[in-house]
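Colleague: This is the structure, below, for whatever I ask next.
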Amino acid sequence: MTASAGATIDAVVDQVDIVADQVVSLVLRRVDGQPFQPWQAGAHIDVHVGDGLVRQYSLCSSPEELDRLRIGVLHVPDSRGGSKAVHALLAGTPLTISGPRNNFPLRESRRYLFIAGGIGITPLIPMLEAAEAAGKEWTLIYGGRSRKTMAFARQLEDRYGADRVHIMAEDEVGRLDLDQILGMPRAHMLVYACGPGGLLGAVEERCMGWPPGALHTERFVASTLGAAAANAPFEVELARTGTTVTVPNDKTILEAVEEVGVRVLSSCRGGLCGTCETQIISGEPEHRDAVLTEEDREAGEIMLVCVSRAAAGCPRLVLDL
Amino acid sequence: MTVTTHEANVLGEDPFDTANLLDPYPFLGRLRDAGAVSYLESTGSYAVAGYQEVYEVLTDFETYISSGGLGPRDIRKDSGWRPPSILESDPPIHTVMRRALTGVINPGTVRALREPFTPPAVELTEQLARRERFDAITDLAEKYPLRVFPDAVGIPDVGREHLLPYGNMVFNAFGPENYIFKQAFAQGDEHAAAVMRNCQRENLDDTGFGAQIWERVKDGLITEQQATLLVRALLSAGVDTTIFGIGNMLSVLARYPEAWAKLRKNPKMSKFAVDEALRLESPFQKFHRTVAVDTVLGGVHLPAGAKVLVFLGAANRDPRKWGDNADEFDLDRNASGHVAFGMGLHQCVGQPIARLEMEIVLQQLLQRVAAIEPDGAPVPILHNVLRGFESLPVRITAA
Chain A
499 MTASAGATID AVVDQVDIVA DQVVSLVLRR VDGQPFQPWQ AGAHIDVHVG
549 DGLVRQYSLC SSPEELDRLR IGVLHVPDSR GGSKAVHALL AGTPLTISGP
599 RNNFPLRESR RYLFIAGGIG ITPLIPMLEA AEAAGKEWTL IYGGRSRKTM
649 AFARQLEDRY GADRVHIMAE DEVGRLDLDQ ILGMPRAHML VYACGPGGLL
699 GAVEERCMGW PPGALHTERF VASTLGAAAA NAPFEVELAR TGTTVTVPND
749 KTILEAVEEV GVRVLSSCRG GLCGTCETQI ISGEPEHRDA VLTEEDREAG
799 EIMLVCVSRA AAGCPRLVLD L
Chain B
6 MTVTTHEANV LGEDPFDTAN LLDPYPFLGR LRDAGAVSYL ESTGSYAVAG
56 YQEVYEVLTD FETYISSGGL GPRDIRKDSG WRPPSILESD PPIHTVMRRA
106 LTGVINPGTV RALREPFTPP AVELTEQLAR RERFDAITDL AEKYPLRVFP
156 DAVGIPDVGR EHLLPYGNMV FNAFGPENYI FKQAFAQGDE HAAAVMRNCQ
206 RENLDDTGFG AQIWERVKDG LITEQQATLL VRALLSAGVD TTIFGIGNML
256 SVLARYPEAW AKLRKNPKMS KFAVDEALRL ESPFQKFHRT VAVDTVLGGV
306 HLPAGAKVLV FLGAANRDPR KWGDNADEFD LDRNASGHVA FGMGLHQCVG
356 QPIARLEMEI VLQQLLQRVA AIEPDGAPVP ILHNVLRGFE SLPVRITAA
């Protein structure tokens, strides 16, 4: 990570658009007129929304345009105020942000299946652009309550065509039929899913029949819909060797630990076979594997280091390695 | 995009002839050196033996399908000797079966096996440590999995004697119908019927993996027939392979006394020894896939319907992947990525159980045996696709 990752940037709201029922898009520019630091599909920024509140918002503009950043924000009446505060912003309002940072990078593959639930569409928008630019085969399944609540649905359909962008509004076609969407695993295809926990849980269950590592998710915390779960780089202390390793956003614990020459047994490297199961001595994990039971997850004593990470707010894991 | 292709190198040598089965590695080296993809005259199939090509065939399950069977015949045209298993299925049929199995066999359920799996290993190794010599296969490798695994699945005591002959049939059928195959199938109907009986819900105890698989029938995830087939898959795939895994590991360690001494000092390295032994002497050496659509692999055009013989054991010794000492046991090697359990969609679901059994046996032996060395030549088993030994005489020094 660069030293500036935690540094704040003075930005200004340049444009506010209502893009769907209860969803606004904010376009931000730097006050000093400089470009933002380069970022890639899947990145988010921290928005300091006042009263010490910090919220993560996925970027839905193009990484090609560094003079501006766009975020999509859903207004959630019962949230702790993050999105409400952002909703109250008007063009010209100064805003303190940091980032962009990327916890949801698009990994190399031959094909992609993107699944969005509601405002979970935001990080996928630059991913579609990246997949398209690289000439990849891809499909987007975008579910939501109704078309008028689904931000950017029309634009995406117009831009890429209805054969690849499937808008699945619940009031028209019912809820997403995940058995149909994921019932047929594909080779060399990665699944990127973003949306509420219920949707992602159902997607995870279906992907148990897919090759290990096929599924990548970003969970939007229920209380702050529209904000990605916080997930800064973190440290891993290796209790047996006494070494401490920093795990950046674009590496797994397994990769970071292997880089310093510490051996960890692994096989599928996709959170399915369980070979890299590691004891946690302290710290709280965010489990991203497909196989641990709920009991194991709650006990927090073991984790699969090929995919799982430190939980939001946990800067350091101590592992029995 | 224009892809230039060339003809596969045609090989006259037969991977299934007796000499190549008993001592596979010289042939596998020649096969790797012959090119990315070869054509085997003896079986009428293509062959891949390099890590890169093997990995590609294993992970591209849409191009290289399983429903044609793992043997040289295409069971889609010419039905197989038994209803197709999970190994012989493609999505979406494979998908629900895999989901059902993964729900039952996973790190949590396997971790719980360490406790019941340990005492039989203690008992067996205590007895053996009192002897100067023993046969690591018949006295240990063949005994241990049969003591623990059928209980974990929850099958009755009656009929367990059919497990090994049945496994022998299943795996030999991934090769041609030669005399080895015919011998394995001599009392085939009897063995198959006995194993199928033990897959029925009423013959399984209430707590084992078998009963848990049947639970998924109640959820509506799988049918009764699929539950039967999944229990059968566990029983057929979970015994022989582990026996060979344990035996092969000991055959390697008996030849590397420094590694044994190092492991004695640091038994926590046992799991790495297990992994490296799996790479070097992979129990499951080869099987076929079927080409679903015309494709190009390693510059060679493969027509739809062709069979590809995938040499896992050769990929695991490919010097381009593992370096010049690929044929050596190296306790410090990172063996991650080996394909002894396959890779991708069909990767062995029982992998954590096999690793657990191998690790427990090794750890218990390390506690009681200061040194182990060969006591005469091991006798390799004559098997179409598995690599293992009938006999592995060893001499030990008790700790």
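Residue numbers (our numbering), protein chains in the order written: chain A, 499 to 819; chain B, 6 to 404. Don't be surprised by glycine CBs; every beta carbon is placed ideally from N, CA and C.
(1) Taking just the CA atoms, how far does V552/A sit from R599/A?
(2) Just checking my contact of G695/A with R673/A at CB under 8 Å: how many whole Å lie between their CB atoms?
(3) Alpha carbon to alpha carbon, how far is S396/B from V354/B?
(4) Identify the contact partners of V101/B in chain A, using a Cβ-Cβ distance below 9 Å as the criterion.
(5) Compute the Euclidean distance between the alpha carbons of D661/A and S84/B, then round it to the nearest angstrom.
(6) Just by C-beta distance, which residues in the segment 283-305 of chain B are closer than 9 Å to chain A?
(7) Give the DSSP-derived three-state secondary structure of R87/B in the structure shown.
(8) Quick check on Q217/B: does DSSP put it in helix, strand or coil?
(9) If you scan the segment 757-797 of chain A from start to end, which runs of the alpha helix (DSSP H) of 4 or more residues do you find wholly inside it?
(10) I want to verify the contact list: residues of chain B whose CB lies under 7 Å from the CB of V789/A, in sequence order.
(11) Report the residues of the segment 348-363 of chain B with a CB closer than 8 Å to any CB of chain A, ordered along the chain.
(12) Do three or more CB pairs link the segment 331-343 of chain B to the segment 280-292 of chain B at distances below 8 Å?
(13) Per DSSP, what are the beta-bridge partners of I665/A in this structure?
(14) Which residues in chain B sit within 8 Å of D794/A, going by Cβ to Cβ distance?
(15) Quick one: measure Cβ to Cβ for I853/A and E799/A, integer angstroms, because I've assumed they're closer than 8 Å.
(16) Under the DSSP definition of a beta bridge, which residues are partnered with G570/A?
(17) Going by DSSP, what residues sit across from F394/B in a beta bridge?
(18) Please state if the CB of V158/B and the CB of G215/B are separated by a distance shorter than 8 Å.
(19) Identify, in the order they occur along the chain, each residue of the same chain with its Cβ nearer than 8 Å to the Cβ of G193/B, setting aside the five sequence neighbours on each side.
(20) Suppose the cutoff is 6 Å on Cβ atoms and the five residues either side in sequence are ignored; what does the same chain contact list for G707/A look like?
(21) Quick check on H785/A - is its C-beta less than 8 Å from some C-beta in chain B?
(22) With a threshold of 8 Å between beta carbons, is S478/A in contact with chain B?
(23) How many angstroms separate the CA atom of S840/A from the CA atom of G616/A?
(24) Using a cut-off of 8 Å between C-beta atoms, extract the partners of F66/B located in chain A.
(25) Mapping the DSSP letters down to three states, classify V42/B as helix, strand or coil.
(26) Spell out whether any CB of chain A is found under 8 Å from the CB atom of P124/B.
(27) Mind checking if K276/B is an interface residue toward chain A, Cβ cutoff 8 Å exclusive?
(28) So which residues on chain A does R104/B lean against when the C-beta distance must stay under 7 Å?
(29) I'd like to know whether the C-beta atoms of V315/B and L63/B end up nearer to each other than 8 Å.
(30) Taking DSSP's pairing of strands, which residues face S596/A in a bridge?
(31) In chain A, which residues lie with their C-beta within 7 Å of the C-beta of D380/B?
(32) Would you call the segment 228-236 of chain B and the segment 162-176 of chain B in contact, with 3 or more CB pairs under 8 Å?
(33) When DSSP builds the beta bridges, which residues end up paired with S556/A?
(34) Can you tell which of G393/B, A319/B, L168/B, K267/B has the C-alpha that lies nearest to the C-alpha of L151/B?
(35) Give me whichever residues DSSP pairs with V313/B in a beta bridge.
(36) For V62/B, which residues does DSSP report across the bridge?
Modeller: With the structure as the only source:
(1) Taking the first sequence and counting its residues from 1, one reaches residue 599/A at position 101. Taking the first sequence and counting its residues from 1, one reaches residue 552/A at position 54. Answer to the nearest angstrom: the Cα atoms are 14 Å apart.
(2) Looking up residue 695/A in the first sequence gives position 197. Looking up residue 673/A in the first sequence gives position 175. So it is not a contact: roughly 15 Å between Cβ atoms.
(3) Here residue 396/B refers to the residue found at position 391 of the second sequence. Here residue 354/B refers to the residue found at position 349 of the second sequence. Going from the Cα of S396/B to the Cα of V354/B covers about 28 Å.
(4) Position 96 of the second sequence holds residue 101/B. Going along chain A in sequence order, the residues near V101/B (Cβ under 9 Å) are G681, G707.
(5) Stepping through the first sequence from its first residue, residue 661/A is reached at position 163. Stepping through the second sequence from its first residue, residue 84/B is reached at position 79. The straight-line gap from Cα to Cα measures roughly 38 Å.
(6) none
(7) Here residue 87/B refers to the residue found at position 82 of the second sequence. In the structure shown, R87/B sits in coil (DSSP, three-state: anything other than H, G, I, E or B).
(8) Your numbering for residue 217/B matches position 212 in the second sequence. Helix.
(9) 792-797
(10) Sequence index remark: in the first sequence, residue 789/A carries index 291 (1-based). The contacting residues are T107, N111, P112.
(11) M348, G349, L350, Q352, Q356, P357, R360
(12) yes
(13) Reading the first sequence from its first residue, position 167 is the one you call residue 665/A. Paired residues: Y640/A.
(14) In the first sequence, the residue the question calls residue 794/A occupies position 296. In chain order: P112, G113.
(15) This structure gives no information on residue 853/A, because the portion of chain A shown stretches from 499 to 819.
(16) On the first sequence, position 72 is the one that residue 570/A refers to. Note: G570/A sits in a beta bridge opposite S523/A.
(17) Reading the second sequence from its first residue, position 389 is the one you call residue 394/B. P385/B, per the DSSP bridge assignment.
(18) Indexing the second sequence from 1 puts residue 215/B at position 210. Indexing the second sequence from 1 puts residue 158/B at position 153. Cβ atoms of G215/B and V158/B: closer than 8 Å.
(19) For the purposes of this step, residue 193/B is taken as residue 188 along the second sequence, with counting starting at 1. Counting only Cβ-Cβ distances below 8 Å, and skipping sequence neighbours, we find W86, M174.
(20) Position 209 of the first sequence, counting from 1, holds the residue named residue 707/A. So the list reads P683, once near-sequence residues are dropped.
(21) Here residue 785/A refers to the residue found at position 287 when the first sequence is read from its first residue. Not an interface residue.
(22) This structure leaves residue 478/A out entirely; chain A is present only between 499 and 819.
(23) Lying outside 499 to 819, the shown extent of chain A, residue 840/A is not represented and no answer is given.
(24) Taking the second sequence and counting its residues from 1, one reaches residue 66/B at position 61. By Cβ distance, chain A contributes P683, A685, P709.
(25) Position 37 of the second sequence, counting from 1, holds the residue named residue 42/B. DSSP places V42/B in coil when its eight states are reduced to three.
(26) The residue labelled residue 124/B in the question sits at position 119 within the second sequence. With 8 Å as the cut-off, P124/B does not count as an interface residue toward chain A.
(27) By one-based count along the second sequence, residue 276/B stands at place 271. It does: the Cβ of K276/B has a partner Cβ on chain A nearer than 8 Å.
(28) As a working note, residue 104/B is residue 99 in the second sequence. Within 7 Å Cβ-Cβ: M706, G707.
(29) Residue mapping note: residue 315/B aligns to position 310 of the second sequence, counting from 1. Residue mapping note: residue 63/B aligns to position 58 of the second sequence, counting from 1. Taking 8 Å as the Cβ cut-off, V315/B and L63/B qualify as a contacting pair.
(30) If you number the first sequence from 1, residue 596/A lands on position 98. The partner list for S596/A (beta bridge, DSSP) reads T506/A, D544/A.
(31) Mapped onto the second sequence, residue 380/B falls at position 375. What D380/B touches in chain A: nothing, since even the nearest Cβ is about 31 Å away.
(32) no
(33) Working through the first sequence from its first residue, we reach residue 556/A at position 58. Note: S556/A sits in a beta bridge opposite H542/A.
(34) Position 146 of the second sequence, counted from the first residue, corresponds to residue 151/B. The candidate whose alpha carbon is nearest that of L151/B is L168/B.
(35) The count along the second sequence starts at 1 and reaches residue 313/B at position 308. Paired residues: Y51/B, R294/B.
(36) Residue 62/B sits at position 57 when you count from the first residue of the second sequence. In the DSSP output, where bridge partners are listed per residue, V62/B has none listed.
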